[in-house]
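In my numbering, the protein residues as written are 56 to 337.
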């Protein structure tokens, strides 16, 4: 049987698994589903058609499933889904989808740190770390195991590839390639997320292939960018990670690619790990 504090309000119709815990003064709406092991702290508000997967924890004063900050929204029954074991920290806000997409989704094993905002229709993969005060515009998409540094602002419709890293306080207007590292305001692509690649156990040969492709794509000034992409695809036909980067760039989206920094700022060497902003705790 769920453990619900006497001061909490759980609306009729809400579906709470037997091991759910709801803390003092929290409010759970009628269309909310909380699966096994979910823990809701004090003063949390969860509304809308919202589903929290097994083992999700929500800290005090977070709000999930409130209406999107979208002037087109007219109360449609849009949704929020949060995957298993994700942690939502204090004062974070996660808005439900809008009529244009319908779903805000956060994957499993993510951490959404204090005062972060995940806007309507965002899609975050598994294992994503969102540090304090990060702001996502609507419809942003983030791949698995990406890291978003504290205070970063992500423009609506931006795509961030898996295992990419965004430096703290960055303003990201363009798409970030998988395994890339961007920083600055406005953010520029400065290299590869070497710390993240090594921590995730990617082989040295895979990392070296990414380095070689990066140099060809962003340091070589011969020919057009489209020609360099084609050449990288040819040279690295057998390198799965390079092909993933190329597929991401060719797929495109509503935003342009994040521009590369100037040659003096690009860094693909191991010393880049000491430059901060990648895979660090808030």
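We put the CB at the ideal spot given by N, CA and C, even for glycine. Model, not experiment: these values are computed from the prediction.
query                                                                                                             : result
Proximity below 9 Å, CB of residue 133 to CB of residue 162                                                       : no
Whole-angstrom distance between residue 186 and residue 221, CA atom to CA atom                                   : 10 Å
Entirely enclosed beta strand (DSSP E) segments - the stretch 141-212, minimum 3 residues                         : 148-150 and 158-161
Sufficient close CB pairs (3 or more, under 8 Å) joining the stretch 191-205 to the stretch 257-268               : no
Exposure label - residue 196; buried when at least 16 CB within 10 Å                                              : buried
Burial state of residue 188 (16 or more Cβ within 10 Å)                                                           : buried
Nearest-angstrom Cα separation, counted from residue 204 out to residue 337                                       : In this prediction, residue 337 has a pLDDT of 38, which is less than 50 and means its spatial position is unreliable; what the coordinates show is noted afterwards. Cα to Cα, the separation comes out at about 8 Å.
Residue 279, buried or exposed, once every other Cβ within 10 Å from all chains shown has been counted against 16 : exposed
Reference residue 306; option with closest CA among 168, 230 and 243                                              : 230
Buried or exposed by the 16-neighbour rule on C-beta atoms within 10 Å, applied to residue 275                    : exposed
Sequence-distant residues of its chain with Cβ nearer than 6 Å to residue 76 (five each side left out)            : 58 and 94
Close beta carbons around residue 223, own chain, < 6 Å, minus the five adjacent residues each side               : 204, 205, 206 and 332
Which of helix, strand or coil DSSP assigns to residue 66                                                         : coil
Given residue 117 as reference, the closest of 239, 131, 309 and 82 once Cα atoms are compared                    : 82
Straight-line gap, residue 300 to residue 143 (C-alpha atoms, nearest Å)                                          : 30 Å
Cβ separation of residue 91 and residue 72, assumed to be a contact under 8 Å, to the nearest whole Å             : 4 Å
Limits of the beta strand (DSSP E) - the one that residue 235 falls within                                        : 235-238
DSSP-derived helix/strand/coil call for residue 321                                                               : coil
Bounding residues of the beta strand (DSSP E) (the contiguous stretch that carries residue 119)                   : 118-121
Residue range of the unbroken beta strand (DSSP E) whose run includes residue 244                                 : 243-247
Residue 135, enclosing beta strand (DSSP E) - first and last residue                                              : 134-137
Residue environment, residue 296, which counts as buried when at least 16 other CB atoms sit within 10 Å          : buried
Cβ shell of residue 288 (< 6 Å), same chain only, five flanking positions each side left out                      : 301
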